[in-house]
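Below is one structure, written out as structure tokens, with a few remarks after it.
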Amino acid sequence: MKIIYGTHFGKGFLTGTVDASTSFVTGDVRTNIPRFTAENRAANQALVEHIATLAQAKSATPGQVALAWQVAQHPWIVPIPGTRHIARIEENSSATQLLLSADELADLNELAGRFEVQGDRYNEHHMSLVDK
């Protein structure tokens, strides 16, 4: 299975706050990240929509589903989402109470396994520093 969560959560990839029509302001780090080109955001939208649909069914936010999914992968995973807003800290901590069923986890994992996320998660320079 390809790991697609983590960093992308914090940049809005799995939270549903970014889509193909999103305009980034000058200086936004995402303007330099291949995953956040309009074409790649459009190509990756199916996974985002799937998470949003599950979130709506569970009366949760897409971010909470993404965090709950991440935590459910292995008992030693401890996500550390970054934020500048107290409301997001409260939202993120509520994800610990969100239980995903075995079927929901299997569905998310199956989708992630067959879904080819488009665009690198960092620009070329920063990708060269990964695993160093």
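By the working numbering, the letter at position 56 of the sequence shown is numbered 465, and the numbering carries on one by one without gaps.
Even for Gly, the Cβ is constructed at its ideal location relative to N, Cα and C.
Alpha carbon to alpha carbon, how far is residue j from residue i? Give it in angstroms, no decimals.
i	j	result
alanine 504	glutamate 448	30 Å
alanine 409	phenylalanine 524	No answer is possible for residue 409: it lies beyond the span of the chain, which begins at 410 and ends at 541.
alanine 477	threonine 435	32 Å
histidine 534	threonine 446	17 Å
leucine 508	leucine 423	18 Å
isoleucine 489	serine 502	10 Å
valine 480	isoleucine 442	25 Å
asparagine 453	lysine 467	22 Å
aspartate 516	aspartate 437	33 Å
serine 493	glycine 472	According to the sequence as given, residue 493 is arginine; it is not serine. So the alpha carbons of these two residues sit roughly 15 Å apart.
methionine 536	valine 526	16 Å
methionine 410	glycine 522	At methionine 410 the pLDDT is 37, less than 50, meaning the model places this residue with poor confidence; the figure from the coordinates comes in the next sentence. Roughly 5 Å between the two C-alpha positions.
alanine 429	histidine 483	31 Å
Find out if the Cβ-Cβ distance for the pair residue i, residue j is shorter than 8 Å.
i	j	result
threonine 470	glutamate 500	yes
glycine 456	leucine 520	Per the sequence shown, residue 456 should be read as leucine rather than glycine. Cβ distance < 8 Å, so leucine 456 and leucine 520 count as in contact.
arginine 530	arginine 439	no
threonine 431	arginine 450	yes
Going by other Cβ atoms of all chains shown within 10 Å of its Cβ, with 16 needed for buried, is residue i buried or exposed?
i	result
glutamine 506	exposed
tryptophan 485	exposed
isoleucine 495	exposed
isoleucine 460	buried
glutamine 465	exposed
glycine 421	buried
Of all the CB atoms in chain D, is at least one closer than 8 Å to the CB of residue i?
i	result
arginine 444	Of the protein chains in this structure there is only one, and it is not chain D.
Checklist entry - Is the number of C-beta pairs between the region 528–541 and the region 502–518 that are closer than 8 Å three or more? => result No: the two stretches stay apart, fewer than three of their Cβ pairs being nearer than 8 Å.
Checklist entry - What are the uninterrupted segments assigned as alpha helix (DSSP H) that are 4 or more residues long and contained completely in the region 428–471, given in chain order? => result Those alpha helix (DSSP H) runs which fall completely within the region 428–471 and span 4+ residues are 447–452, 454–466.
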